[in-house]
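K.L.:
In the numbering used here, the protein residues as written are 183 to 462.
Backbone N, C-alpha and C fix where the C-beta goes; we use that ideal spot for every residue, glycine too.
Could you have a look at this structure, given as structure tokens, before my questions?
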């Protein structure tokens with residue numbers, strides 16, 4: 183009798199475990215790509231000077247993007263946002279960049295906002311290359327492009343930077359790979375065998391041939407600090423890492439952006455006047 187009860191308990195536990203693993207597998211896209219949908223114009227978020235453009239990808243998708251040309255020969259920041267929300271949800275960032283004379287091309291991934299298609303790692307890389315090619319077709323030289331990534335977008339930015347020429351790579355709350363982050367969070371599941379979208383930034387960063395700046399908070403619970411450290415350790419020189427003591431994941435603020443401009447001033451000789459706020 184006790185043996186039968188034990189077998190039944192084990193069977194129930196195993197069934198529950200397999201169900202949970204199955205749920206993680208089949209819901210992984212929804213977990214990874216927390217895509218917002220809908221259309222918001224720059225003017226609706228107080229950025230009427232920024233133009234809205236549509237980029238056509240080689241595989242037939244239409245991507246919404248926001249563009250502002252640079253002033254006085256300054257670079258354009260090619261920006262890839264994180265997994266949550268939409269491109270239009272970062273107006274403070276865009277205002278900060280453009281107020282300091284920097285150009286901007288912010289790209290809405292496929293399956294996000296008003297862009298067509300469905301999100302995927304491979305698709306995001308097509309989107310990134312399309313955005314880069316759009317800039318160069320407009321006459322922006324690689325020496326006038328700085329690649330910027332936020333959270334999930336740091337792997338997109340890193341892979342693009344490993345493939346193309348640009349002036350610098352700026353990463354905010356980056357990670358070694360999505361698999362590493364998922365394995366730490368879902369330690370009870372064989373996630374390394376399950377995850378379709380690897381976003382393996384640490385495999386790409388060694389091929390980046392431009393100055394790299396990383397920001398990361400020590401108390402980041404979304405992308406733990408240790409994964410930013412791992413990416414930094416694998417990155418080639420010249421590189422710098424700004425450790426934000428006590429900060430969580432949401433380090434996307436004036437302190438980070440001012441540090442980025444200071445980094446560009448020092449490495450690219452831009453001469454932009456910027457005040458770096460004190461960290462509270």
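1. Taking the C-alpha atoms as reference points, what is the distance between residue 380 and residue 386?
2. Please state whether DSSP places residue 341 in a helix, a strand or coil.
3. Using the Cβ count rule (16 or more neighbours within 10 Å means buried), how would you classify residue 438?
4. Counting only the same chain and skipping the five closest in sequence on each side, list residues whose C-beta sits under 8 angstroms from that of residue 377.
5. If you compare alpha carbons, which of 265, 233 and 281 is closest to residue 254?
6. Residues in its own chain within less than 8 angstroms of residue 458 by CB, not counting five upstream and five downstream?
7. Ignoring anything shorter than 3 residues or poking outside the stretch 312-341, list the beta strand (DSSP E) runs there in chain order.
8. Given 8 angstroms as the limit, is there contact between the stretch 295-302 and the stretch 321-338, that is, 3 or more CB pairs closer than that?
9. Just to confirm my understanding: we take residue 325, look at its own chain, exclude 5 residues before and 5 after, and list those with CB closer than 7 angstroms. What are they?
10. From the DSSP output, read off the bridge partner residues of residue 394.
11. List, from N- to C-terminal side, the beta strand (DSSP E) runs of 3 residues or more that fit wholly inside the stretch 266-292.
12. Tell me where the alpha helix (DSSP H) around residue 130 begins and ends.
P.N.:
Concretely, from the data shown:
1. Computed Cα separation, rounded: 12 angstroms.
2. Helix, per DSSP.
3. Taking every protein chain shown into account, the CB of residue 438 has 16 or more other CB atoms within 10 angstroms, so this residue is buried.
4. Cβ neighbours of residue 377 beyond the five flanking positions: 210, 360, 361 and 364.
5. Closest by alpha carbon: 281.
6. Excluding sequence neighbours, residue 458 sits near 437, 440, 441 and 444.
7. Qualifying beta strand (DSSP E) stretches, in chain order: 327-332.
8. Touching, no.
9. 349, listed in sequence order.
10. 351 and 421, per the DSSP bridge assignment.
11. List check, beta strand (DSSP E) in window: 285-289.
12. Because the chain is modelled from 183 through 462, residue 130 falls outside the range shown and cannot be assessed.
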